[in-house]
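Heads up, the sequence shown is in our numbering, so the first residue is 370 and it goes up one at a time. In this text, a Cβ means the ideal position worked out from N, Cα and C, and glycines have one as well. As the structure is a prediction and not an experimental result, all values here were calculated from the model. Data first, discussion second: the structure below is written as structure tokens.
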Amino acid sequence: MATYDEWRTARIEAEAKAAAAADAAGAQATVTPIGDGLWLVSVAGVSRGTVRRIVVQGRQRFEARLRHIDPGHGTRIGEYFELAKAVAALRAEVPRFVGRDPFKELTNYVSREQMRQRTERMRQQRRSGRYS
């Protein structure tokens, strides 16, 4: 099992390689409608974010946001008058590391050896009582 830092650097490197491969291959962004006035933008099979249609003073605009569990809460990139420009902005944005890290719950950011020491310390504490 790797430590959190090793896992995170590997994940960031993998995402950077995927983005570079998509740019080298000239991969197009895939736009999937997921609701009325809401689109999911994916590049090379990885979701980048969402585009929402909003109306401001009677004019139609498109708001681009980076991916998030709730589509209305991602990091806002900007508002655009054309859907194509909003998709291009999401495609050009460097993907940020977003998501749950499994090491936080499993290891609390420590190595296996430190976990063994902690377990042994707790085991010895239990036996340090009066009747052990």
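Nearest-angstrom Cβ-Cβ length linking residue i and residue j, presumed shorter than 8 Å
i, j, result
"residue 420", "residue 410", "6 Å"
"residue 408", "residue 400", "5 Å"
Proximity below 8 Å, CB of residue i to CB of residue j
i, j, result
"residue 432", "residue 445", "yes"
"residue 430", "residue 449", "yes"
"residue 480", "residue 378", "no"
"residue 398", "residue 460", "yes"
"residue 417", "residue 406", "no"
Local Cβ density within 10 Å of residue i, reported as buried at 16 or more and exposed below that
i, result
"residue 412", "buried"
"residue 458", "buried"
"residue 490", "exposed"
"residue 455", "buried"
"residue 434", "buried"
Which residues DSSP lists as bridging residue i, in chain order
i, result
"residue 433", "420 and 447"
"residue 407", "404 and 421"
"residue 379", "DSSP, once it has assigned bridges, lists no residue as partnering residue 379."
"residue 415", "412"
"residue 399", "411"
"residue 490", "According to DSSP, residue 490 bridges with nothing at all."
Euclidean distance between Cα positions of residue i and residue j
i, j, result
"residue 403", "residue 442", "16 Å"
"residue 483", "residue 385", "31 Å"
"residue 502", "residue 381", "Because the chain in this structure spans residues 370 to 501, residue 502 falls outside the shown range and cannot be described."
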